[in-house]
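Asker: Quick one: this structure, given as structure tokens, is what I'll be asking you about.
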Amino acid sequence: MAELICRTLRDGGLEGEQAPALSINDEIDCSLGFCVFEHILLQLCSFVSSQKSSAKHCVGRVSRSPLYCGKLLKKNGVDVAGSSKWLKVLDWFTDPLCWKSKLGESGTVKNLPLATSLSVTSCKSIKNKDALLSSILELGKEMSLYGKGRFIVGMDSVNEMLRHASIIPVSSLINTLRSHDKICSMFWLLHADLQHPQAISALEYASTMKATVEPIVTLADGLMAQSSNPSLMEQNLRRGKLFIRIKRRNGCVKSMFEEFCATNSGVKFSPVSSEDIITAQSLVPSVQFNLQLSEKERYKRGKVVLPFEHQGNGAELQIYNGRRPETQCGCIDKGSGKIIYLRDSDDELADSDEDPDDDLDI
Amino acid sequence: MSSFQYSNPLEEAVDGGHGGGVVILLKDCVENSGRFIIHQLLKRALLPQSSDVVVFLAFAQPFNHYDRILRKMGCNLSVQRDKRRLLFIDIFSDDTLDKGNRGTGDDMIIELYGKVHRAVEDCGSRVMVIIDDVSLMELHSNSSPSLVFDFFKYCYSLTVQYGCSVVALIHSDVYSKEDHPSLLLQLEYLVDVVINVEPLASGLAADVHGQLTVTRKRVGDDFSESRNRVHNLHFRIKDTNIDYFYPGNKN
Chain V
1 MAELICRTLR DGGLEGEQAP ALSINDEIDC SLGFCVFEHI LLQLCSFVSS
51 QKSSAKHCVG RVSRSPLYCG KLLKKNGVDV AGSSKWLKVL DWFTDPLCWK
101 SKLGESGTVK NLPLATSLSV TSCKSIKNKD ALLSSILELG KEMSLYGKGR
151 FIVGMDSVNE MLRHASIIPV SSLINTLRSH DKICSMFWLL HADLQHPQAI
201 SALEYASTMK ATVEPIVTLA DGLMAQSSNP SLMEQNLRRG KLFIRIKRRN
251 GCVKSMFEEF CATNSGVKFS PVSSEDIITA QSLVPSVQFN LQLSEKERYK
301 RGKVVLPFEH QGNGAELQIY NGRRPETQCG CIDKGSGKII YLRDSDDELA
351 DSDEDPDDDL DI
Chain U
363 MSSFQYSNPL EEAVDGGHGG GVVILLKDCV ENSGRFIIHQ LLKRALLPQS
413 SDVVVFLAFA QPFNHYDRIL RKMGCNLSVQ RDKRRLLFID IFSDDTLDKG
463 NRGTGDDMII ELYGKVHRAV EDCGSRVMVI IDDVSLMELH SNSSPSLVFD
513 FFKYCYSLTV QYGCSVVALI HSDVYSKEDH PSLLLQLEYL VDVVINVEPL
563 ASGLAADVHG QLTVTRKRVG DDFSESRNRV HNLHFRIKDT NIDYFYPGNK
613 N
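Taken in sequence, the protein lines are chains V and U. The numbering of the first sequence is the working numbering, which starts it at 1 and goes up by one. The numbering of the second sequence is the working numbering, which starts it at 363 and goes up by one.
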């Protein structure tokens, strides 16, 4: 399912349509959204560098160190030195508010540049939406030959944009990028618990795919509960569940579930394990009466022969008439009196309209 | 962090062992103050056999307070300051911060960052930046939480560029009732190690004063699996030292 997302971003939208956009959401309980973001970034870099994508280039807007990005790409076998032809990094990490530049100009600090093999451009316009848009489009244009070729845009933290601007300009920027004919596709990471629900909803509307990272183990509320379960917390630091929603053109929404594990060699995806099924069963509310039958009870119920049930096995049909046949009677007491009562009719219903006490003169 | 032999489980839990910078967020509450960890980390960084330098941003107490406490623990801060192993920036009495013309909170924060950046840049050894504490920093600088977070992010960028470490103390109960996304949550996403100091889960005890939960997330370019670890430790505060031990293993 993660591969489906990567392929969708790789192929981009059809001509005249808005570019597909993926929103990766996570929360602090399982903050592995960045692992998923890295996985998708590496997959797309692989497609673009091997020219298997309709997009020819990537522009990444990063709020982590470009040094880290370079090491990540190198670790995964990407030729970092040659990546400048197809990958541009807009650096939001080193000096987004120009503090270092100002201090450098005043002589307070030296403001040495970062040494990296990636093609990095410092972002000085984090608060200005139009300048940001221009920076992204300019970087994409730099890489394309004769202005041709689409590119993919990745943003590793929309939260940084939302810290400095309201949701309206941020949504407007995303929609403008999606509408641009040079943009193949977009994807971004959003820490949902850092934003108001309105902002999250607005970004959801701007996306065509949403991948929500959920904890593999749900902890109880409260710090004390968390600190008493370190092993459960560790699980959530390494594993998570990915809930993917894809909006189709015809309006229907396809939902998929997948588990993933962040390892040293990358992110591994797998179908939802049966442990979750067991967990779901245990979520049935406990009540005072038994809703289920055990195996033994099912077997005994199957053995009960119902009245008037014809087994059709060739044996003589026996209809239960409320008395045992004479052949099955015990010994006949010859010397004493006995009362033999024969029912008037086998068809007589127990609940007859006739009152049996009618003949009594009371 | 220093690469010496670990002297207690807390150092082992916190130190990544990869020699690079690490950003630690220390969360405490009214019931259990986390300042003793600040004192311990300060003492460890200023050990005679270490060449580390400490930049200490004090928003809670003046220099004399820390000096008295560290003397009891066997560390003379005045001597370390004279040896230029300790740069103590006291927000109350620091003459180098232009108090008369502080301008806005933005200017003060940027000036403060400039001092930290300069100290890290000029120092040839590893630097540890200690902030005590972030909650008071927000008050004294009269600035927004967003600006304080920007300051922290800029300090974080120094850890990548110069390999320094940052340790910041924050009071979690100050931010617990907020109805909007808090500075605490933003910092938790950013940092590498979170140390949560809280009362003992099982209640009060005479010989155990509280518990720590140390959460190490994936750090920077260290992709090793040993990063994602959670340690639960108990501690006992003595006069001159702190005992750390795993639950049920006091010895």
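Just so you know, even glycine gets a beta-carbon here, dropped at the ideal spot from N, CA and C.
Rounding to the nearest angstrom, what Cα-Cα distance links Ser350 (chain U) and Tyr537 (chain U) in this structure?
Answerer: Only positions 363 to 613 of chain U appear in the structure, and residue 350 (chain U) is not among them; the question remains open.
Asker: Classify Thr458 (chain U): buried if its beta carbon has 16 or more other beta carbons within 10 angstroms, exposed otherwise.
Answerer: Residue confidence for Thr458 (chain U) is low, a pLDDT of 48 falling below 50, so the modelled location carries little weight; the figure read from the coordinates is stated next. Under this definition Thr458 (chain U) is an exposed residue.
Asker: Check each candidate in U:Asp495, U:Phe511, U:Asp494, U:Gln573 and name the one with the smallest Cα separation from Gly610 (chain U).
Answerer: Measuring from the Cα of Gly610 (chain U), the nearest candidate turns out to be U:Gln573.
Asker: Taking its Cβ as the centre, do 16 or more other Cβ atoms sit within 10 Å of Gln411 (chain U), making it buried, or is it exposed?
Answerer: Exposed is the call here.
Asker: Taking Cβ to Cβ, would you say Ile386 (chain U) is nearer than 8 angstroms to Val496 (chain U)?
Answerer: In this structure, Val496 (chain U) does not lie closer than 8 angstroms to Ile386 (chain U) by Cβ.
Asker: Which two residues bound the contiguous alpha helix (DSSP H) that contains Asp130 (chain V)?
Answerer: 129-143 is the span of the alpha helix (DSSP H), which, as asked, contains Asp130 (chain V).
Asker: Within 8 angstroms (strictly less), CB to CB, does Phe269 (chain V) reach chain A?
Answerer: Chain labels in this structure do not include chain A; the protein chains are V and U.
Asker: Roughly how many angstroms lie between the CA atoms of Val528 (chain U) and His191 (chain V), to the nearest whole one?
Answerer: Val528 (chain U) and His191 (chain V): Cα-Cα distance of roughly 23 angstroms.
Asker: Taking the alpha-carbon of Glu3 (chain V) as reference, which of V:Asp79, V:Thr263, V:Phe37 has the nearest alpha-carbon?
Answerer: Ranking the options by Cα distance to Glu3 (chain V), first place goes to V:Phe37.
Asker: Would Phe514 (chain U) and Ala530 (chain U) be called neighbours here (beta carbons separated by less than 8 angstroms)?
Answerer: In this structure, Ala530 (chain U) lies closer than 8 angstroms to Phe514 (chain U) by Cβ.
Asker: Can you pull out the residues from the segment 512-536 of chain U whose beta carbon lies closer than 7 angstroms to at least one beta carbon of chain V?
Answerer: Within the segment 512-536 of chain U, the qualifying residues are Asp512, Tyr516, Ser519, Val522, Gln523.
Asker: Spell out a yes or no on whether the segment 404-423 of chain U and the segment 557-567 of chain U are touching, meaning 3 or more CB-CB pairs, one atom from each, closer than 8 angstroms.
Answerer: Contact fails: fewer than three Cβ-Cβ distances are below 8 angstroms.
Asker: In the structure shown, what three-state DSSP assignment does Asn558 (chain U) receive?
Answerer: In this structure, Asn558 (chain U) counts as strand in the three-state DSSP scheme.
Asker: By the DSSP assignment, the alpha helix (DSSP H) with Asp11 (chain V) in it spans what residues?
Answerer: Element bounds for Asp11 (chain V): 2-11.
Asker: Taking the alpha carbon of Leu162 (chain V) as the reference point, which residue from V:Lys182, V:Leu203, V:Met186, V:Ser135 has its own alpha carbon closest?
Answerer: That would be V:Leu203, whose Cα lies nearest to the Cα of Leu162 (chain V).
Asker: Quick one, are the C-beta atoms of Ile604 (chain U) and Gln423 (chain U) less than 8 angstroms apart?
Answerer: The answer is no: Cβ separation not under 8 angstroms.
Asker: Hey, Cys35 (chain V) and Pro215 (chain V) are a contact pair by Cβ (cut 8 angstroms); roughly how many whole angstroms apart?
Answerer: 13 angstroms between Cβ atoms; not a contact.
Asker: Kindly say whether Glu550 (chain U), judged by its beta-carbon, lies nearer than 8 angstroms to any beta-carbon of chain V.
Answerer: Yes - at least one Cβ of chain V is within 8 angstroms of the one on Glu550 (chain U).
Asker: Tell me the DSSP secondary structure of Leu552 (chain U) in three-state form.
Answerer: Helix.
Asker: Asn594 (chain U) bridges to which residues according to DSSP?
Answerer: DSSP lists U:Thr575 as partners of Asn594 (chain U).
Asker: Assuming Arg239 (chain V) contacts Phe257 (chain V) (C-beta within less than 8 angstroms), just tell me the rounded distance between them.
Answerer: Actually they are not in contact, since the Cβ atoms of Arg239 (chain V) and Phe257 (chain V) sit about 14 angstroms apart, beyond 8 angstroms.
Asker: Does the beta-carbon of Leu509 (chain U) have 16 or more other beta-carbons within 10 angstroms, so that it is buried, or is it exposed?
Answerer: Buried, since its Cβ has 16 or more Cβ neighbours within 10 Å.
Asker: Of all the options U:Leu549, U:Glu473, U:Glu374, U:Arg447, which has the alpha carbon lying nearest to the alpha carbon of Met490 (chain U)?
Answerer: Among U:Leu549, U:Glu473, U:Glu374, U:Arg447, the Cα nearest to that of Met490 (chain U) is on U:Arg447.
Asker: Go through its chain and collect everything with a Cβ distance to Ser185 (chain V)'s Cβ below 6 angstroms, but skip five positions before and after it.
Answerer: Contacts found: Leu9, Gly12, Ala19, Pro20, Ile152.
Asker: Is the shortest distance between the beta-carbon of Asp605 (chain U) and the beta-carbons of chain V less than 8 angstroms?
Answerer: It does not; no Cβ of chain V falls within 8 angstroms.
Asker: Note down the Cα distance separating Asp569 (chain U) from Tyr608 (chain U), rounded to an integer number of angstroms.
Answerer: Those two C-alpha atoms are separated by around 14 angstroms.
Asker: State the Cα-Cα distance for the pair Leu118 (chain V) and Cys69 (chain V), rounded to the nearest angstrom.
Answerer: Distance between the alpha carbons of Leu118 (chain V) and Cys69 (chain V): 8 angstroms.
Asker: Keeping to the same chain, check which residues put their C-beta closer than 8 angstroms to that of Thr94 (chain V); ignore five residues upstream and five downstream.
Answerer: For Thr94 (chain V), where only same-chain residues beyond five positions count, the Cβ hits under 8 angstroms are Ser65, Pro66, Lys100, Leu114, Ser122.
Asker: Whole angstroms is fine: what's the gap from Met435 (chain U)'s alpha carbon to Leu404 (chain U)'s?
Answerer: Their backbone Cα atoms lie some 11 angstroms apart in a straight line.
Asker: So if I threshold CB-CB distances at 9 angstroms, which residues from the segment 90-118 of chain V count as touching chain U?
Answerer: Hits within the stretch, in order: Phe93, Thr94, Asp95, Pro96, Leu97, Trp99, Lys100, Lys102, Leu103, Ser106, Thr108, Val109, Lys110, Asn111, Leu112, Leu114.
Asker: Select from U:His502, U:Tyr518, U:Met470 the residue whose C-alpha is nearest the C-alpha of Pro96 (chain V).
Answerer: Comparing Cα positions, the closest option is U:Tyr518.
Asker: Check each residue of the segment 562-579 of chain U: if its Cβ is closer than 8 angstroms to any Cβ of chain V, include it; give the result in chain order.
Answerer: Hits within the stretch, in order: Ala563, Gln573, Thr575, Thr577, Lys579.
Asker: Excluding the 5 residues preceding and the 5 following Leu408 (chain U) in the sequence, name in chain order all residues of the same chain whose CB lies nearer than 7 angstroms to its CB.
Answerer: Val416, Cys437, Gln442, Arg447, Leu448, listed in sequence order.
Asker: Should Ile24 (chain V) and Ala211 (chain V) be called a contact, given that it needs their Cβ atoms to be closer than 8 angstroms?
Answerer: Cβ atoms of Ile24 (chain V) and Ala211 (chain V): closer than 8 angstroms.
Asker: Measure the Cβ-Cβ separation of Ser505 (chain U) and Asp468 (chain U) and say whether it is below 8 angstroms.
Answerer: Contact flag set, yes.
Asker: Check whether chain U comes within 8 angstroms of Ser84 (chain V), counting only Cβ atoms and requiring the distance to be less than that.
Answerer: Closer than 8 angstroms: no.
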